Amino acid sequence: MAVNQSQLGQMFEQVLRLSKVDASQSVAILKSHYSDARTVQAATDAALRLGAKVYSVELPSFNHPTAMGNDMTAYCGDTALTGNIAAQKALEAADLIVDTMMLLHSPEQEQILKTGTRILLAVEPPEVLARMLPTEEDKARVMAAAAVLEKARMMTVKSSAGSDFRAPLGQYPTVTEYGYVDEPGRWDHWPSGFLFTWPNEEQAEGVLVLDVGDILLPFKTYARERITLEIEKGFVTRIHGGFEAEYLRDYMAYFNDPEVYGISHIGWGLQPRAQWTAMGLHDKNDGMCMDARAFYGNFLFSTGPNTEVGGTRKTPCHMDIALRRCDIRVDDLQVVAEGEVVAPAASRVR
Ligand SMILES: O=c1ccc(O)c[nH]1
Ligand SMILES: [Fe+2]
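The sequence shown finishes on residue 382 if you use my numbering, and the numbering steps up by one all the way, no holes.
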């Protein structure tokens with residue numbers, strides 16, 4: 033289906049209003065040549081309608097010679113902004129940045145947020161933005177779950193496929209994603225609806241078994257056979273199974289960087305409008321497939337960078353892996369049972 037420009041503009045107006053954009057605000061539209069022109073125009077028009085002072089920052093795109101594929105999460109850390117101090121200053125001057133080119137997992141994003149500037153990432157196709165238009169109910173549910181995760185000292189994940197993973201917590205903050213940026217210094221991603229944190233450095237242990245149907249990003253594949261990851265002292269030490277395990281091993285080894293095996297963010301999905309099946313209906317280059325990261329009841333874990341929470345692991349390889357049908361416990365509270373959100377009650381959809 034196709035979203036028309038008027039609808040896209042109205043949606044941006046709703047999201048920017050939720051993000052507290054008004055006549056007192058300055059809004060920068062960050063873009064590059066590959067940004068979706070419809071999104072850039074809709075964000076600009078909406079910010080103007082809300083009375084904000086709007087400007088654009090266009091950056092020549094950045095390509096690292098070792099980057100493969102077009103998914104913007106496939107090569108993290110260095111971006112078109114890296115080293116461009118003047119452009120960064122122009123962005124830090126804004127109250128809010130609509131990021132249509134992807135700064136996520138870059139140190140520059142953290143530096144900009146520290147100035148109090150808000151950043152809203154919006155790089156998914158308009159039809160996906162429309163299907164997961166953020167609501168205050170989404171925020172309330174994600175924040176209810178965050179109230180539990182923030183206090184937790186341990187996350188455990190088990191599954192009938194054989195996962196048995198333990199991650200001591202407390203060293204890093206909880207990160208919420210509900211689709212709009214209503215607090216100074218907040219980053220968020222429209223579309224989203226999930227939460228996560230990082231394990232304490234070098235303490236995650238156990239086994240994660242990717243079962244048939246689990247999703248590997250940025251490959252944008254549904255696993256067709258089991259892949260077993262062994263985790264010791266916070267790092268993936270073995271990846272075994274059949275062809276798909278070999279593919280994952282080869283891909284991660286390509287970066288020739290031991291830090292790619294570090295466990296990155298771990299959490300669970302709370303977005304009922306995100307669908308496990310959606311990835312199968314999109315081309316690989318349509319976007320970064322937020323359906324996979326946000327679908328209700330998933331266990332989302334990842335490997336590689338931890339710069340988002342002030343860590344030093346700035347490695348370009350970032351795997352986001354979404355598992356179905358897991359049991360997730362946060363301390364003694366089971367939050368997900370076989371892929372169904374069970375607690376806290378305020379995080380569940382009615
Ligand atoms: O919204 C996102 C997107 C990618 C990612 O790695 C985390 N959160
Ligand atoms: Fe990720």
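Just so it is clear, CB atoms sit at the ideal spot from N, CA and C, and this is done for glycine as well. Quick caveat: nothing in here was measured; it's all calculated off a predicted structure.
| Asked | Found |
| --- | --- |
| Closest residue to Thr147 among Ala125, Pro92, Leu302 (Cα-Cα distance) | Ala125 |
| Euclidean distance between Cα positions of Ala34 and Gly41 | 14 Å |
| Buried or exposed (CB count within 10 angstroms, at least 16 for buried), Tyr66 | exposed |
| Whether Lys52 touches Asp214 by CB criterion (7 Å) | yes |
| Three-way DSSP call (helix, strand, coil) for Gly41 in this model | helix |
| Ala75 versus Asp68 - alpha carbon distance | 11 Å |
| 8 Å contact criterion, which Ile295 and Phe333 should meet: CB distance rounded | 7 Å |
| Beta-carbon proximity list for Ala277, same chain, < 6 Å, skipping 5 on both sides | Ile259, Ile271 |
| Beta-carbon spacing of Ala79, Ile129 below 7 Å | no |
| Cβ-based neighbour list, Gly217, same chain, cut-off 6 Å, excluding 5 preceding and 5 following | Leu145, Gly148 |
| Ala99 and Ser379 closer than 7 Å at C-beta | no |
| Nearest-angstrom Cβ-Cβ length linking Ala106 and Leu91, presumed shorter than 8 Å | Rounded, the Cβ-Cβ distance is 19 Å, inconsistent with contact. |
| Alpha-carbon spacing of Gln120 relative to Glu140, whole angstroms | 8 Å |
| Residue burial classification, Phe275 (beta-carbon count within 10 angstroms, cutoff 16) | exposed |
| Gln37 versus Met43 - alpha carbon distance | 10 Å |
| Nearest-angstrom Cβ-Cβ length linking Tyr212 and Leu50, presumed shorter than 8 Å | 4 Å |
| Euclidean distance between Cα positions of Asp246 and Met322 | 14 Å |
| Span of the alpha helix (DSSP H) around Tyr283 | 275-286 |
| By C-beta, the residues closer than 5 Å to any heavy atom of ligand 2, given in chain order | Ser334, Asp352 |
| heavy atom of ligand 1 below 6 Å from Ser224 C-beta | yes |
| Nonlocal neighbours in the same chain, by C-beta distance under 6 Å from Arg361, ignoring five residues either side | Thr188 |
| Bridge-paired residues (DSSP) for Phe197 | Val189, Gly238 |
| Inter-residue spacing [alpha-carbon to alpha-carbon] between His314 and Glu156 | 11 Å |
| Candidates Ser191, Arg185, Ser195, of which the one nearest Gly202 by Cα | Arg185 |
| Inter-residue spacing [alpha-carbon to alpha-carbon] between Glu209 and Gly273 | 33 Å |
| Close-in-space but distant-in-sequence residues of the same chain around Ser108 (CB under 6 Å, 5 per side omitted) | It should be noted that the sequence gives Cys, not Ser, for residue 108. If we look at Cys108 and ignore the five residues flanking it on each side, its Cβ neighbours are His137, Pro337, Pro348, His350. |
| Start and end residues, beta strand (DSSP E) containing Gln362 | Sequence inspection shows Val at residue 362; the Gln mentioned does not correspond to that position. Its beta strand (DSSP E) spans residues 358-362. |
| Assigned exposure category for Tyr286 - 16 Cβ within 10 Å defines buried | exposed |
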